[in-house]
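Worksheet: the structure to be examined is printed underneath.
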Amino acid sequence: MTATAPLRDVSADPALFQTLLELIRRTSTQLPDDVVRAVTSARKDEAAGSNAEVALNVIGCNIGLARESSLPLCQDTGTILFYVHTPVAYDQIEFEEVATEAVRRATKLGYLRQNSVDSVTGKNTGDNTGPGSPVFHFHQWREPHVEVKLMLKGGGCENMNAQYSLPHPDFGGRDLKGVENAILDCILQAQGQGCGPGILGVCIGGDRGSGYGYAKEQLLRTMEDTNSEPALADLEQRIVEKANQSGIGPMGFGGKTTLLACKIGTQNRLPASFFVSVAYMCWAYRRRGVVVGAEGEAREWLY
Ligand code: SF4
């Protein structure tokens, strides 16, 4: 069981605390520019006066209002996911404590709605912390600085995630055609639920646990990022095109915008298994990042 980090006196790390607090505020209230560009461009593709155009206009207004008023983009705070790269010998325990305290403060300030409950009793912890919240993924690297990426992943879209084991009688064998059919099935099953238009992170391979984790990590790529593997780049593009020909549309209202992007990564697998894991992200695609300087200050904002 993962225990919550204890209450911490943040005076020991005031700069890091402020940096992480600001990272949370930005992530919760300001969609990254690449996502805003994708939503804006999709609005232009929909027929004037259609339900799809209305839905995307409402989403656009929501994005603008949240940014102007520093209020959460959505009432669903989502799972709070920190992806942290640290130099060798960096104190990750201390980082976890400071970040957890920043989550508590952000909740108090209204940047995050109180949205974390005990899984058995349903009791809200009131500060978005508790066993397993927030989530930390640490990676060491040989760079001298710390890089933090934060993603807030909504519950509605998390419900639309899917995992497939190939071969499958309906989707095909252990090849990219089978993968394509599995991903398209995920979109079909969602039918715009999980607050589409969606963005997919996909992992081919891994095991059931690592596959889902890596699928989610694909969502750290920008919307415009092209896969370095040509076959996967083609597949990503084909998935978006086919999804947008499905007629499902934003929120399932019909229209041309079912999917904004699809990002696919691979992990080695065991010869005995072939999983396709799909992490479905909603339009409230909240991800931000920061490069942290030696004193804990924000050196560069990412995305
Ligand atoms: S799925 Fe996304 S947009 Fe829908 S309620 Fe949750 S966070 Fe909000």
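Mapped onto this note's numbering, the consecutive letters of the sequence shown carry residue numbers 3 to 305.
Ideal placement from N, C-alpha and C gives every residue a C-beta, glycine not left out.
Please read all numbers here as calculations on a predicted model, not as lab measurements.
Is it true that the CB of L33 sits closer than 9 Å to the CB of R45?
-> no
Taking Cβ positions, are I201 and C284 nearer each other than 9 Å?
-> yes
Presumed contact (8 Å Cβ cut-off) between F277 and Q191, rounded CB distance | Contact doesn't hold; Cβ gap of about 17 Å is too wide.
Cβ shell of V181 (< 6 Å), same chain only, five flanking positions each side left out | I206 and V278
G251 CB to nearest heavy atom of the ligand SF4 below 8 Å | no
Per the contact definition of three or more C-beta pairs closer than 8 Å, is the stretch 214-221 in contact with the stretch 232-251?
-> no
Check each candidate in R271, P232 and A104 and name the one with the smallest Cα separation from L152.
-> A104
Return the CA-CA distance between N53 and I65, expressed in angstroms with no decimal places.
-> 18 Å
Apply the 10 Å Cβ neighbour rule to L67 and answer buried if 16 or more other Cβ atoms are within range, or exposed otherwise.
-> exposed
R115 vs W303 beta-carbon contact at 9 Å = no
Tell me, please, whether the stretch 118-135 touches the stretch 92-108 by the rule of three or more beta-carbon pairs shorter than 8 Å.
-> yes
Using only the heavy atoms of the ligand SF4, determine whether one of them is closer than 8 Å to the beta carbon of Q77.
-> yes
Residue range of the beta strand (DSSP E) that S167 falls in?
-> A164 to S167
Report buried or exposed for D144, applying the criterion of at least 16 other Cβ atoms within 10 angstroms of its Cβ.
-> One detail in the question is off: residue 144 reads as Arg in this sequence, not Asp. Exposed is the call here.
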